[in-house]
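Data first, discussion second: the structure below is written as structure tokens.
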Amino acid sequence: MDALLAEKGAFARPDGQRIWRLKHGDVEVGTLREGGQVIATELRVGLSDKTDLVREVVEEAAALAASAEARLVDPQLGKQLSANDSGAVADQFLRTARYAGEMMGVSEAVAASYAPPPEGLPTGLKVLLLIGGGFFVLYLLVSSLMEKLGG
2 MDALLAEKGA
12 FARPDGQRIW
22 RLKHGDVEVG
32 TLREGGQVIA
42 TELRVGLSDK
52 TDLVREVVEE
62 AAALAASAEA
72 RLVDPQLGKQ
82 LSANDSGAVA
92 DQFLRTARYA
102 GEMMGVSEAV
112 AASYAPPPEG
122 LPTGLKVLLL
132 IGGGFFVLYL
142 LVSSLMEKLG
152 G
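The sequence shown begins at 2 in our numbering and counts up by one.
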């Protein structure tokens with residue numbers, strides 16, 4: 002599989018991470034090991050709204066798997082994939098990215114900027130109320146002192 006990826010333009014960065022550059026973006030290439038044996042090649046796409054990249058990865062990886070006589074599997078969907086499954090994989094990817102952004106606070110994920118609205122009063126309003134309350138207390142204190150002094 003490494004030789005086929007190299008033919009398709011995959012390269013290693015100085016930090017050792019392998020990258021497969023596709024038309025819609027970069028894909029990280031890793032190896033999965035079990036008991037010291039390489040059991041699979043892993044393709045990782047960062048969480049975002051780039052469904053075009055996900056679709057392209059599935060289509061290209063399906064072609065690579067076919068030429069290597071290997072299987073392409075999506076562990077989230079729990080099934081073997083073909084190029085025709087790119088839409089289903091992209092939909093699942095988008096759901097995962099949205100969940101990571103909205104619920105888990107992953108900043109790279111989709112909708113990460115949509116944090117739940119803050120509860121309570123805004124900070125600026127709190128400061129204004131505090132200043133206004135201080136002036137009111139000061140007014141009451143001065144009024145009380147003026148009344149006691151006969152003013």
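Ideal Cβ positions, reconstructed from N, Cα and C, are used throughout, including at glycine. Small disclaimer: the values here were computed from a predicted structure and weren't measured.
Where are the alpha helix (DSSP H) runs, 4 residues long or more, that stay fully inside the segment 17 to 80, in chain order?
Listed in chain order, the complete alpha helix (DSSP H) runs (minimum 4 residues) inside the segment 17 to 80 are 52 to 68.
Can you tell me which of the three DSSP states Ala98 falls into?
Looking up residue 98 in the sequence shown gives position 97. Three-state DSSP puts Ala98 in a helix.
Please report the residue range of the alpha helix (DSSP H) in which Ala11 lies.
Here residue 11 corresponds to residue number 10 of the sequence shown, with the count starting at 1. Premise fails: Ala11 is in no alpha helix (DSSP H) and is neither H nor E.
Check whether Val46 and Leu33 have beta carbons under 8 Å apart
Reading the sequence shown from its first residue, position 45 is the one you call residue 46. Reading the sequence shown from its first residue, position 32 is the one you call residue 33. Contact flag unset, no.
Cβ neighbour criterion (16 or more within 10 Å) applied to Phe136
The residue you call residue 136 lines up with position 135 of the sequence shown. So Phe136 counts as exposed.
For the putative contact between Leu78 and Ala64, defined by C-beta atoms under 8 Å, what is the C-beta separation to the nearest angstrom?
Start at 1 with the first residue of the sequence shown, and residue 78 comes out as number 77. Start at 1 with the first residue of the sequence shown, and residue 64 comes out as number 63. 19 Å between Cβ atoms; not a contact.
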